[in-house]
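Report on the structure given below.
There are 2 protein chains.
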Amino acid sequence: MPPTQSSRTSRQRVKDGGTSAKSPSPRGARPSRGTVTLSDVAELAGVSSMTVSRVLNRPETVAPETVETVRKAIARTGYVPNLLAGALATTRTKLVAAIVPTISGSIFAACIQSLTDRLEVAGYQMLLGLSGYPAAREEGLLNAILSRRPDALFLTGTTHSAQSRRRLRGAKIPIVETWDLSAKPIDMAVGFSHQRVGRDAAQFLFKKGYRRFAAIGAEDERAKIRWKSYLAALTELGVDDVASITTPAPTNLWMGRDGLSKLIADGFTHGAVFCSSDALAHGVLVEAQARGLSVPGDIAVIGFGDLDFAAFTVPALTTVRIDRFAVGRLAAEAILSRLAGEPVAEKVIDVGFQIIEREST
Amino acid sequence: MPPTQSSRTSRQRVKDGGTSAKSPSPRGARPSRGTVTLSDVAELAGVSSMTVSRVLNRPETVAPETVETVRKAIARTGYVPNLLAGALATTRTKLVAAIVPTISGSIFAACIQSLTDRLEVAGYQMLLGLSGYPAAREEGLLNAILSRRPDALFLTGTTHSAQSRRRLRGAKIPIVETWDLSAKPIDMAVGFSHQRVGRDAAQFLFKKGYRRFAAIGAEDERAKIRWKSYLAALTELGVDDVASITTPAPTNLWMGRDGLSKLIADGFTHGAVFCSSDALAHGVLVEAQARGLSVPGDIAVIGFGDLDFAAFTVPALTTVRIDRFAVGRLAAEAILSRLAGEPVAEKVIDVGFQIIEREST
DNA sequence: TCCATTAGTGTTATCGCTAACATCGCCTCT
DNA sequence: AGAGGCGATGTTAGCGATAACACTAATGGA
């Protein structure tokens, strides 16, 4: 009577564990969860759950016919593995966490994009944490993230609270600090020298013949480093009087317009302006134009980031180019080789930068 | 003798479980893991691990002095909870997964930003999946993501493979499909009508007096809907001959330049161009300028997205504005209220769009 | 005065999976 | 022919947390 039997197969099986009516529900008893588990699949395939686990993770250790049977059972039940349980048992989560200040500004977005793309190929997922500016939420975020036991960590910046550093070290996982360099990273670092950016920008402008200088910078840690270094380099070149405006991060075009207005109100009517982002620099261009000032005749501008639009503003924007995709990609490679147990040749990778000279200086 | 005792306190405790030398390591035995667990904290505090768990999750049910003692023990041990274990026991992961095609283009980045910001406040973390264009990786990605048992899901678009839809339904979690509307969403939807965008753009351009039309669009599902609807509306208005160029997604400025070049090569020397992104539209502006064509005199352009720079191109770009932050925010709210067990008033939320008329049309 | 209630804490049994060993044939080699 | 090895699978005992009770002492009400 196969028909009778087959009419009540696995489809209507209700997980119960056999404790339905008889047992008086012992101490740790919990209601059944109605989800398909390994042993459901195992039962259907007529093997032990361990064999199903092997089919999923190391099929080459299981007899081909068994693999076939199990695969069918998996398909029939619609089984979705529970990585929480798997990760708990193996202490490997296949999860990489990244903490960046923001992704709406596109500069970190590119980084995360290339990082995620590379990691996904290797079977890792991305846990994304946005710390905001100035990394106010980093500490709590870090805790929340570490409690998910990621296999590796991608951080932005190299300064962290003492508490954070302790936790990070304690996590004993590969950690890449990015976007800046550090003499002694917690583990690894991929970035470039913001100090050198500031200095080179100053020297570049000075060589171009500018003698009056200003800066519009975000209240962001790395922007501040660039700014200070810019000031220091100018001082060395004999320039003391540099008008400076700071804006909250993340920056946008309007802040740049506003920044130039303030500079002009402060008496800065001509000279070169170093901006901590292309968005700000674009704003300066727009504001100058609105006021009938010529660029670079009256106001010269240099940005930072070399975003897509920088080459096409009018006039085209001189800026500092960072290969932001490379940061993500290299970080991913570093993480993956560490996770694969390979030795990492360089703990600190400098991706460098280039000053792209266009029409705004 | 306090000194003697205190000199060998918890600090140097090595986890062993007392199985060091005597036991012949039974079957399921595993090497100790050296991480601090709840029971380590419990031991130090002189309570049961359940009490520590309560201090962490529902401190109001524990006596104040006990809370104090336990908190100190937690601090002293540097305990970091293991959410994998917690989630396995509770079936709640406090994880929300989002799948978007890409984040480097800033349009989805904004969305994810507002989504994450809102969720983080509520104690949820973001698991980010990038499916690429055209959602080629969606299926595999979805599987990988579901195996982490997120509490809710944020998806881009409303078309998914049959297999995916089945899995999604089976997951039994709140799901928001975004960026488009659907008559019958899997669960909830937040977006706008791409069809209406295409139609309105066509009508807008027609009303402005243009009689020759072209389109440059990405090979993206939603862009295609807009394009088709644009064509349909034009047909209705009596325009049959619309030159069309498609480009891979994600788009960038250079593709826009290239697109206009091709249109011109095909004989489109004047008229209105509907672009599927602001980046493309910007490229058209640049290319037109490079060729000495006047905008909007010879070539009129309308973009899509109203990104930051759109108001400041020269000439300023006419475009379709979407409140992309709202999409993320509303999706977050929908998810959170569903997770809180509150009924959701509207399963489908239309955030609408606006045509922002500037100088390029 | 005595029992029902309540606050605070402990005990037990899971959650769903995998590491590590155990077992069982079968084949190969000497 | 017997030892040893290997391939395929099963068994057991966790991983680190929490649900659901159980227990104890103090409190309140009649």
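So the protein lines, in turn, are chains A and B.
For the first sequence, position 312 (counting from the first letter as 1) is numbered 315 according to the working numbering, and the numbering increases by one without interruption.
For the second sequence, position 144 (counting from the first letter as 1) is numbered 147 according to the working numbering, and the numbering increases by one without interruption.
Ideal Cβ positions, reconstructed from N, Cα and C, are used throughout, including at glycine.
Remember, predicted model here, so these are calculated numbers, not experimental data.
Please confirm if residue i has its CB atom under 8 Å from at least one CB of chain B.
i, result
"T159 (chain A)", "no"
"H285 (chain A)", "yes"
"K350 (chain A)", "no"
"V242 (chain A)", "no"
"N60 (chain A)", "no"
"G173 (chain A)", "yes"
"R152 (chain A)", "yes"
"D311 (chain A)", "yes"
"S107 (chain A)", "yes"
"V317 (chain A)", "yes"
Report the rounded CA-to-CA distance for residue i versus residue j, giving the unit in angstroms.
i, j, result
"R57 (chain B)", "A92 (chain B)", "14 Å"
"P177 (chain A)", "P346 (chain B)", "43 Å"
"T272 (chain A)", "W230 (chain A)", "20 Å"
"T364 (chain B)", "T162 (chain B)", "33 Å"
"R36 (chain A)", "P84 (chain A)", "14 Å"
"F157 (chain B)", "R361 (chain A)", "41 Å"
"F315 (chain B)", "E142 (chain B)", "40 Å"
"G295 (chain A)", "D269 (chain A)", "18 Å"
"A88 (chain A)", "T105 (chain B)", "30 Å"
"V354 (chain B)", "D190 (chain B)", "17 Å"
"Q166 (chain B)", "S185 (chain B)", "18 Å"
"V245 (chain B)", "L320 (chain A)", "35 Å"
"Y127 (chain B)", "A101 (chain A)", "15 Å"
"V200 (chain B)", "R324 (chain B)", "10 Å"
"I115 (chain B)", "N255 (chain B)", "20 Å"
"G300 (chain B)", "L263 (chain A)", "32 Å"
"S52 (chain B)", "D43 (chain B)", "8 Å"
"T159 (chain A)", "D309 (chain A)", "19 Å"
"R341 (chain B)", "K175 (chain B)", "12 Å"
"I302 (chain A)", "I219 (chain A)", "13 Å"
"G194 (chain B)", "V179 (chain B)", "10 Å"
"S289 (chain B)", "L283 (chain B)", "With the sequence shown as reference, residue 289 (chain B) is identified as Val, and Ser is not the correct amino acid for it. About 10 Å."
"L192 (chain A)", "R332 (chain A)", "Note that residue 192 (chain A) is Ala in the sequence shown, not Leu. A192 (chain A) and R332 (chain A): Cα-Cα distance of roughly 13 Å."
"E46 (chain A)", "E71 (chain A)", "15 Å"
Is there a C-beta anywhere in chain A that falls below 8 Å from the one on residue i?
i, result
"S13 (chain B)", "Any reading at S13 (chain B) must be qualified, since the residue scores a pLDDT of 33, below 50, and its modelled position is unreliable; the value itself is stated next. Answer no: the Cβ-Cβ gap between S13 (chain B) and chain A never drops below 8 Å."
"P251 (chain B)", "no"
"T364 (chain B)", "no"
"R121 (chain B)", "no"
"D223 (chain B)", "no"
"M129 (chain B)", "yes"
"R16 (chain B)", "Low confidence applies to R16 (chain B): its pLDDT is 33, below 50, so where it sits in the model is not reliable enough to give any reading."
"L156 (chain B)", "no"
"R36 (chain B)", "yes"
"T7 (chain B)", "Confidence at T7 (chain B) is low in this model, with a pLDDT of 33, below 50, so its placement is unreliable and the value that follows should be read with caution. Not an interface residue."
"T54 (chain B)", "no"
From the DSSP output, read off the bridge partner residues of residue i.
i, result
"E180 (chain A)", "A:L158 and A:A192"
"V298 (chain A)", "In DSSP, V298 (chain A) forms no bridge with anything."
"L133 (chain B)", "B:V103"
"G220 (chain A)", "A:T249"
"I305 (chain A)", "A:F277 and A:T321"
"I228 (chain B)", "BP columns for I228 (chain B) are empty, so no partner."
What residue does the beta strand (DSSP E) around residue i start on, and which one ends it?
i, result
"V103 (chain B)", "L98 to V103"
"F277 (chain A)", "G274 to C278"
"V245 (chain A)", "V245 to T250"
"A204 (chain B)", "Premise fails: A204 (chain B) lies in the alpha helix (DSSP H), H197 to K210, not in any beta strand (DSSP E)."
"V351 (chain B)", "V351 to D353"
What span of residues does the alpha helix (DSSP H) with residue i cover, start to end?
i, result
"D281 (chain B)", "D281 to A293"
"S264 (chain B)", "L256 to A268"
"V44 (chain A)", "L41 to A48"
"L149 (chain B)", "E141 to L149"
"A174 (chain A)", "A165 to A174"
Sorry if obvious, but does the Cβ on residue i come closer than 7 Å to a heavy atom of the ligand SAM?
i, result
"A92 (chain B)", "No copy of the ligand SAM appears in this structure; indeed no ligand is present at all."
Whole beta strand (DSSP E) elements within the region 308–341 of chain B, 3-residue minimum: 322–324
Could you tell me which uninterrupted beta strand (DSSP E) segments, each at least 3 residues in length, are contained entirely in the region 51–129 of chain B, listed from first to last along the chain? 98–103
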